[in-house]
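Remember, our numbering sits 38 above the position in the sequence shown when you count from 1.
The beta carbon of each residue, even a glycine, is placed where N, CA and C say it ideally should be.
Everything numeric in this text was worked out from a predicted model, so none of it was measured.
Some notes on the structure that comes next.
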Amino acid sequence: MRDYSKHKTLLRIVGIPLIVIGAILLIMGFVGFYSMNIDVSDLKQNINRGANDITKISIGGLLIIVGSFLVGMTVLRPLSKYYSTEVYPGTKITGRAFAEGMQEAGFRKEIVKIRCPHCGYLESEDAKFCSKCGKKL
Numbered sequence: 039m040r041d042y043s044k045h046k047t048l049l050r051i052v053g054i055p056l057i058v059i060g061a062i063l064l065i066m067g068f069v070g071f072y073s074m075n076i077d078v079s080d081l082k083q084n085i086n087r088g089a090n091d092i093t094k095i096s097i098g099g100l101l102i103i104v105g106s107f108l109v110g111m112t113v114l115r116p117l118s119k120y121y122s123t124e125v126y127p128g129t130k131i132t133g134r135a136f137a138e139g140m141q142e143a144g145f146r147k148e149i150v151k152i153r154c155p156h157c158g159y160l161e162s163e164d165a166k167f168c169s170k171c172g173k174k175l
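Dropping the structure here:
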């Protein structure tokens, strides 16, 4: 089994600052956009400032998504180990109980098979040809 601790550390070193920088840009963009004074006489400056703020919001959101993905990659193995050791046995018991309840309620489907007269292979009852030898049943 390979040791991925260096990779995980690198992903966290890159991912966490991306999240922080993205959050700062996002907040700066929202604050700038919503605190903007709309002055009709200086429309060109307002449009440029609004475009800058929207760009900050977009880049900040993208950095947060990328950083969250990178940090999330570092917790996949521990989550899957937790799932396999803690959650799976309960799921297995629940599934077994559900299957038993369905059988008791009469929802069990019987499977009828017929034997091929040529090769002896068990085939489903609606088959016209054998899946093993290909001859007509």
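What do you reckon, are the CB atoms on residue i and residue j nearer than 7 Å?
i, j, result
"Leu64", "Ile95", "yes"
"Cys168", "Glu161", "yes"
"Glu163", "Ile152", "yes"
"Val109", "Gly53", "yes"
What are the partner residues of residue i, as DSSP defines its beta bridges?
i, result
"Leu160", "Arg153"
"Phe167", "Lys174"
If residue i sits next to residue j, beta carbons under 8 Å apart, how far is it from one beta carbon to the other, in whole angstroms?
i, j, result
"Leu56", "Met111", "In fact, because the Cβ distance is near 13 Å, the residues do not count as touching under 8 Å."
"Ala61", "Ile102", "6 Å"
"Asn84", "Ile76", "6 Å"
Just to check, is the beta-carbon of residue i closer than 6 Å to a non-hydrogen atom of the ligand ADP?
i, result
"Ala137", "Summarising the ligand content, the structure contains no ligands, and the ligand ADP is consequently not present."
What residue from the options has the CA that sits closest to residue i's CA?
i, options, result
"Ile59", "Gly139, Ser106 and Thr129", "Ser106"
"Cys154", "Gly139, Met140, Phe136 and Lys173", "Lys173"
"His176", "Ala137, Leu114, Glu138 and Gly158", "Not covered by the structure: residue 176. The range shown for the chain is 39 to 175."
"Gly67", "Ile76, Asn84 and Asn90", "Asn90"
"Tyr42", "Gly88, Val150 and Pro116", "Pro116"
Could you compute how far the alpha carbon of residue i sits from the alpha carbon of residue j?
i, j, result
"Asp80", "Ser73", "16 Å"
"Tyr159", "Ala137", "29 Å"
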